[in-house]
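J.:
2 protein chains.
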Amino acid sequence: MAGRTRIYDVASAAGVSIATASRALNGSGRMTAETRERVKRVAAELGFRPNAMARGLLSNRSFTVGLLTNDSYGRFTLPVMAGISEALIDCGVSVFLCAIEDDPALGAVHVDAMLDKQVDGIIASGKRIDRRLPVDLSNLPVPVVYAFTEGPADSVTLVSDDFQGAHEAVEWLLRLGRKRIVHVTGPENFASVRLRAQAYRKLVGEGGEVLCGEWSELWGHAAVERLLSSGGDMPDGIFCGNDQIARGVVDACRERGIDVPRDVSVVGFDNWEIVASVTRPPLTTVDMNLRTLGREAGLTVLALAEGKPVERGIRKLPCELIVRESCGAGPRA
Amino acid sequence: MAGRTRIYDVASAAGVSIATASRALNGSGRMTAETRERVKRVAAELGFRPNAMARGLLSNRSFTVGLLTNDSYGRFTLPVMAGISEALIDCGVSVFLCAIEDDPALGAVHVDAMLDKQVDGIIASGKRIDRRLPVDLSNLPVPVVYAFTEGPADSVTLVSDDFQGAHEAVEWLLRLGRKRIVHVTGPENFASVRLRAQAYRKLVGEGGEVLCGEWSELWGHAAVERLLSSGGDMPDGIFCGNDQIARGVVDACRERGIDVPRDVSVVGFDNWEIVASVTRPPLTTVDMNLRTLGREAGLTVLALAEGKPVERGIRKLPCELIVRESCGAGPRA
DNA sequence: TCAATATGGGTAAACCTTTTCTCATCTTCG
DNA sequence: CGAAGATGAGAAAAGGTTTACCCATATTGA
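If you read the protein sequences in the order shown, they are chains A and B. If you count by our numbering, then the first sequence holds residues 3 to 335, one letter each, in order. If you count by our numbering, then the second sequence holds residues 3 to 335, one letter each, in order.
1. Give the residues from the stretch 127-158 of chain B that approach chain A closer than 7 Å (Cβ to any Cβ), ordered along the chain.
2. Nearest by alpha-carbon distance to Pro-154(B): which of Ser-140(B), Gly-167(B) and Val-266(B) is it?
3. Tell me the rounded alpha-carbon separation between Asp-104(A) and Asn-72(A).
4. Would you list, in sequence order, the uninterrupted alpha helix (DSSP H) runs of no fewer than 4 residues that lie entirely inside the stretch 259-301 of chain B?
5. Between Ser-279(A) and Arg-177(B), what straight-line distance do the alpha-carbon atoms span, to the nearest angstrom?
6. Can you pull the DSSP bridge partners for His-358(B)?
7. For Arg-182(B) versus Gly-243(B), is the C-beta spacing smaller than 8 Å?
8. Using a threshold of 8 Å, state whether the C-beta atoms of Phe-165(A) and Lys-129(A) are closer than that.
9. Name the chain B residues whose beta carbon is nearer than 8 Å to that of Gly-58(A)?
10. Using a Cβ-Cβ cut-off of less than 8 Å, give me the residues of the stretch 32-53 of chain A that come near chain B, in sequence order.
11. For Ala-15(B), name the three-state secondary structure that DSSP assigns.
12. Which residues mark the beginning and the end of the alpha helix (DSSP H) in which Tyr-202(A) is found?
13. Just verifying my parser: in three-state terms, what is the DSSP assignment at Ala-335(B)?
14. Going by beta-carbon coordinates alone, are Leu-220(B) and Val-186(B) separated by less than 8 Å?
15. Give me the chain A residues within the contact set of Lys-310(B), using Cβ-Cβ distance strictly less than 7 Å, ordered along the chain.
16. Can you tell me whether Ala-46(A) is buried or exposed, with buried defined as 16 or more other CB within 10 angstroms of its CB?
17. Residues of chain A with a CB under 8 Å from the CB of Leu-2(B): which are they?
18. For the stretch 80-97 of chain B, list every residue whose C-beta sits within 7 Å of some C-beta in chain A, in sequence order.
19. Using a cut-off of 8 Å between C-beta atoms, extract the partners of Ala-254(B) located in chain A.
20. Per DSSP, what kind of secondary structure is Ala-4(A) in: helix, strand or coil?
21. Taking Cβ to Cβ, would you say Ile-247(A) is nearer than 8 Å to Gly-210(A)?
22. In whole angstroms, what is the alpha-carbon distance linking Asp-122(A) and Val-144(A)?
23. Is there a Cβ of chain A sitting closer than 8 Å to that of His-169(B), yes or no?
24. When you compare only the Cα positions, how much space is there between Val-137(B) and Phe-50(A)?
25. Which whole-angstrom value describes the C-beta separation of Pro-263(A) and Gly-330(A), a residue pair presumed to lie in contact below a C-beta threshold of 8 Å?
26. From Ala-4(A) to Ala-171(B), what distance separates their C-alpha atoms?
27. Compare the Cα-Cα distances from Val-184(B) to each of Gln-200(B), Phe-150(B), Leu-230(B) and Pro-237(B) and report the closest residue.
28. Considering only residues of the same chain and omitting the five flanking positions on each side of Glu-173(B), which have a CB-CB separation below 7 Å?
29. Keeping to the same chain, check which residues put their C-beta closer than 7 Å to that of Ala-225(A); ignore five residues upstream and five downstream.
30. Given Ile-260(A), which residues of its chain have a CB within under 7 Å of its CB, disregarding the five upstream and five downstream residues?
31. What does the alpha-carbon distance come out to for the pair Glu-313(A) and Val-158(A)?
32. According to DSSP, is Glu-152(A) part of a helix, a strand, or is it coil?
33. Using beta carbons (cut-off 8 Å, strictly below), is Lys-318(A) in contact with chain B?
34. In this structure, what does DSSP give as the bridge partners for Val-1(A)?
35. Take every Cβ of the stretch 26-33 of chain A, pair it with every Cβ of the stretch 28-36 of chain B, and state whether three or more of those distances are shorter than 8 Å.
36. Answer with buried or exposed for Arg-38(B), where buried requires no fewer than 16 other C-beta atoms within 10 angstroms of its C-beta.
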């Protein structure tokens with residue numbers, strides 16, 4: 003605890019000046035290989051660790067970025083966070099996580115705190131791609147990247163490609179030979195819902211049946227009841243808007259003696275492990291690759307911080323179909 | 003972006019020296035109330051924000067703490083994180099979140115990064131209270147607090163009180179007049195499982211039936227089947243080790259025509275909203291108050307950082323029973 | 001009226017590292 | 001053998017803030 007070793011200690015122990023010590027450790031300047039080695043060895047022996055604040059004071063960088071989110075539950079933000087961290091730790095950059103709920107005042111406080119800490123950049127994240135965080139991040143003295151949340155028109159925004167993801171899911175059902183596919187999804191006021199429905203309709207035609215409800219297992223249950231009581235044929239494929247709905251659908255089918263995947267194939271969305279892999283049978287579902295999204299967001303904000311040119315606008319990252327058992331043996335299998 | 007305003011700017015704009023400006027803003031030193039006010043007003047107008055690195059360089063504090071976790075999913079860590087953040091933001095302290103999975107190398111990298119950043123303290127957190135993080139945090143130059151994870155013998159450790167929480171749950175069932183209560187819980191190698199079972203047995207006697215399995219809905223389902231096929235009376239109260247098991251139990255009961263809560267009262271554990279409030283009927287369950295745990299952890303690590311005396315050892319924080327509908331109308335209702 | 005004491009505010013050092021000059025020594029070539 | 005260039009390494013400044021120390025001026029008491 004008492005007095006960390008400073009570069010001054012390293013220098014005197016190695017018998018050189020602090021300038022030489024600094025250059026030796028940073029690989030800059032010219033000096034005998036022997037000198038450089040000796041300094042490095044001494045530094046290692048002393049457990050020298052350069053003071054980030056002194057360094058930051060000089061370079062005007064903190065090697066720190068802030069992640070702002072209103073996803074208090076963390077279901078979307080945590081994978082994004084993991085990706086950011088993974089990408090940036092190699093560059094010695096750490097991440098401040100600030101959960102601001104939906105409170106503008108709390109948001110402002112956290113943004114202020116970040117700016118005080120001289121973050122090199124801020125990543126804004128959320129729980130849906132068509133809502134904004136309750137804070138104004140324009141005109142900040144640091145670069146801002148929006149990941150999985152809506153940003154202003156001229157911002158750098160990264161989102162997952164809902165259309166493409168849904169397209170993959172429905173295409174998979176079609177390739178399995180499913181003929182009558184319905185889409186059970188969440189509330190229509192979600193952009194994700196509309197995008198996924200568009201992809202669905204593009205593949206099955208405008209006659210495709212889209213049932214909008216909530217993001218819950220209950221709604222999945224209820225949707226199955228509705229499909230059965232409507233008198234029409236039971237569909238042989240159900241594309242669900244998220245894994246919870248899919249779980250409800252699968253449970254309801256089982257309760258009614260409809261076999262998944264024999265009688266009906268079910269696809270979910272989100273690849274929320276804790277739901278998808280525990281459902282019986284485990285769900286085939288769409289993964290939004292949030293970790294990759296986070297990685298890209300981290301690298302992008304860093305590039306901006308370093309003044310490198312970055313293309314502005316919305317960048318959509320592809321989703322990926324995760325095949326489990328809720329659709330039966332796939333054509334690729 | 004170009005050149006933040008420094009205290010120098012404030013000083014010259016207010017017509018005082020930087021020393022006076024600094025003292026005016028920090029409320030120290032002696033000066034005319036008028037002078038102090040004027041400096042503050044000018045600082046506000048210029049949007050002055052003291053450079054945290056310069057300040058930290060001097061005070062040898064970063065106003066930063068690190069949160070280390072292997073709970074990649076965030077179910078336990080996120081509430082803890084929210085509590086820490088909530089408690090510390092008022093002191094101007096921000097939180098680095100480092101998700102290290104279970105990788106010792108990654109853990110070491112992140113700890114190094116934190117120390118480089120001169121964190122004022124580290125909070126270690128996890129997903130169970132009887133496992134350690136795969137990193138050695140002893141002999142660090144900064145204080146460490148363990149929250150919801152096991153720490154060394156002489157450490158400061160905060161955990162939720164599993165025994166007390168389970169006691170409340172079973173007591174509730176007894177007060178509702180339930181006579182034959184069983185306990186369906188997770189794997190016996192969890193300390194939480196043993197502690198909760200102890201509390202259960204203390205109340206129902208040594209004859210109490212404890213069914214250990216997994217933390218999954220499937221196990222909840224299976225446990226109900228086992229209870230029914232064993233030939234004995236169906237219990238009228240089931241205390242479950244977590245909300246997922248409880249959900250499985252409730253679902254299985256419904257499938258078999260056993261009414262919850264009329265025929266059997268079910269209590270869960272964790273108050274994991276997304277499961278507890280969506281189960282039909284919504285679960286009465288035990289909340290571990292992880293947010294409060296986080297808040298305490300934050301305040302404690304800060305106290306240590308400031309050299310204040312802190313009692314070492316394990317501190318157990320009380321759980322709280324959240325009453326919903328899976329037990330029927332309560333005696334208090 | 002003069003010395004002693006508050007009172008208000010300025011000067012400069014300190015925190016630790018990086019980096020720009022600058023200088024001394026060694027090598028090499030004419 | 002002398003000068004120019006290459007090479008290695010040191011001195012010092014810079015970065016923004018806090019604070020110990022110091023110095024004026026105003027006030028008080030004798």
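Cβ coordinates follow ideal geometry from the N, Cα and C atoms, glycine included. Since we're looking at a predicted model, the values are computed, not measured.
T.: Let's see:
1. Within the stretch 127-158 of chain B, the residues whose Cβ lies closer than 7 Å to some Cβ of chain A are Pro-143, listed in chain order.
2. Residue numbering aside, residue 154(B) sits at position 152 when the second sequence is read from its first letter. Nearest of Ser-140(B), Gly-167(B) and Val-266(B) to Pro-154(B), Cα basis: Ser-140(B).
3. The residue you call residue 104(A) lines up with position 102 of the first sequence. The residue you call residue 72(A) lines up with position 70 of the first sequence. When rounded, the distance between both Cα atoms is 6 Å.
4. Contiguous alpha helix (DSSP H) elements confined to the stretch 259-301 of chain B occur at 275-278, taking only those with 4 or more residues.
5. Taking the first residue of the first sequence as 1, we reach residue 279(A) at position 277. Taking the first residue of the second sequence as 1, we reach residue 177(B) at position 175. Between Ser-279(A) and Arg-177(B), the alpha-carbon positions lie close to 38 Å from each other.
6. Outside the shown range of chain B, which is 3 to 335, sits residue 358(B), and nothing can be said about it.
7. Reading the second sequence from its first residue, position 180 is the one you call residue 182(B). Reading the second sequence from its first residue, position 241 is the one you call residue 243(B). Here Arg-182(B) is not near Gly-243(B), since their CB atoms are 8 Å or more apart.
8. Working through the first sequence from its first residue, we reach residue 165(A) at position 163. Working through the first sequence from its first residue, we reach residue 129(A) at position 127. It is not a contact, given that the beta carbons lie outside the stated cut-off.
9. On the first sequence, residue 58(A) is found 56 positions in, with the first residue counted as 1. Within chain B, the residues near Gly-58(A) are Met-55.
10. So the close ones are Arg-51, Pro-52 and Asn-53.
11. Within the second sequence, residue 15(B) is the residue found at index 13, counting from 1. Helix at Ala-15(B).
12. For the purposes of this step, residue 202(A) is identified with residue 200 of the first sequence, where counting begins at 1. From DSSP, the alpha helix (DSSP H) with Tyr-202(A) extends over 193-206.
13. As a working mapping, residue 335(B) is identified with position 333 in the second sequence. Only weak support is given to the placement of Ala-335(B): the predicted model assigns it a pLDDT of 41, under 50, and the question is left unresolved by the model.
14. Indexing the second sequence from 1 puts residue 220(B) at position 218. Indexing the second sequence from 1 puts residue 186(B) at position 184. Result no, Cβ atoms of Leu-220(B) and Val-186(B) do not sit closer than 8 Å.
15. The sequence position of residue 310(B) within the second sequence is 308, counting from 1. What Lys-310(B) touches in chain A: nothing, since even the nearest Cβ is about 14 Å away.
16. Taking the first residue of the first sequence as 1, we reach residue 46(A) at position 44. So Ala-46(A) counts as exposed.
17. No answer is possible for residue 2(B): the residues shown for chain B start at 3 and end at 335.
18. So the list reads Leu-80, Met-83, Ala-84, Ser-87, Ile-91, Gly-94, Ser-96 and Val-97, given in the order they occur along the chain.
19. As a first step, residue 254(B) is located in the second sequence; it is residue number 252 there, counting from the start. For Ala-254(B), no chain A residue has a C-beta closer than 8 Å to its own C-beta; the minimum C-beta separation is roughly 11 Å.
20. Residue numbering aside, residue 4(A) sits at position 2 when the first sequence is read from its first letter. Bear in mind that a pLDDT of 43 at Ala-4(A), under 50, signals an unreliable position, so the model cannot answer this.
21. As a first step, residue 247(A) must be located in the first sequence, where it is residue number 245. As a first step, residue 210(A) must be located in the first sequence, where it is residue number 208. No.
22. Here residue 122(A) refers to the residue found at position 120 of the first sequence. Here residue 144(A) refers to the residue found at position 142 of the first sequence. As the crow flies, the alpha-carbon of Asp-122(A) is around 6 Å from that of Val-144(A).
23. Stepping through the second sequence from its first residue, residue 169(B) is reached at position 167. Taking CB atoms only, His-169(B) has no neighbour in chain A less than 8 Å away.
24. Here residue 137(B) is taken as the residue at index 135 of the second sequence, counted from 1. Here residue 50(A) is taken as the residue at index 48 of the first sequence, counted from 1. If I take the Cα positions, the gap works out to 20 Å.
25. Along the first sequence, read from residue 1 onward, the residue named residue 263(A) stands at position 261. Along the first sequence, read from residue 1 onward, the residue named residue 330(A) stands at position 328. Contact holds; Cβ gap of about 4 Å.
26. Taking the first residue of the first sequence as 1, we reach residue 4(A) at position 2. Taking the first residue of the second sequence as 1, we reach residue 171(B) at position 169. Unreliable placement is indicated for Ala-4(A), whose pLDDT of 43 sits below 50; no coordinate value is reported for it.
27. On the second sequence, position 182 is the one that residue 184(B) refers to. If we check each option's Cα against that of Val-184(B), Pro-237(B) comes out closest.
28. Counting from 1 along the second sequence, the entry for residue 173(B) is found at position 171. So the list reads Leu-205, once near-sequence residues are dropped.
29. Translated into the one-based positions of the first sequence, residue 225(A) becomes position 223. Val-186, Leu-213, Gly-215 and Val-251, listed in sequence order.
30. By 1-based counting over the first sequence, the position of residue 260(A) is 258. Once the five neighbours on either side are set aside, the close Cβ partners of Ile-260(A) are Met-236 and Val-266.
31. Residue numbering aside, residue 313(A) sits at position 311 when the first sequence is read from its first letter. Residue numbering aside, residue 158(A) sits at position 156 when the first sequence is read from its first letter. The straight-line gap from Cα to Cα measures roughly 7 Å.
32. Residue mapping note: residue 152(A) aligns to position 150 of the first sequence, counting from 1. In this structure, Glu-152(A) counts as coil in the three-state DSSP scheme.
33. Translated into positions along the first sequence, residue 318(A) becomes position 316. Not flagged as an interface residue toward chain B: Lys-318(A), since no C-beta distance is shorter than 8 Å.
34. Only positions 3 to 335 of chain A appear in the structure, and residue 1(A) is not among them; the question remains open.
35. With a cut-off of 8 Å on Cβ pairs, the stretch 26-33 of chain A is not in contact with the stretch 28-36 of chain B, counting fewer than three such pairs.
36. Sequence index remark: in the second sequence, residue 38(B) carries index 36 (1-based). By the 10 Å Cβ count, Arg-38(B) comes out buried.
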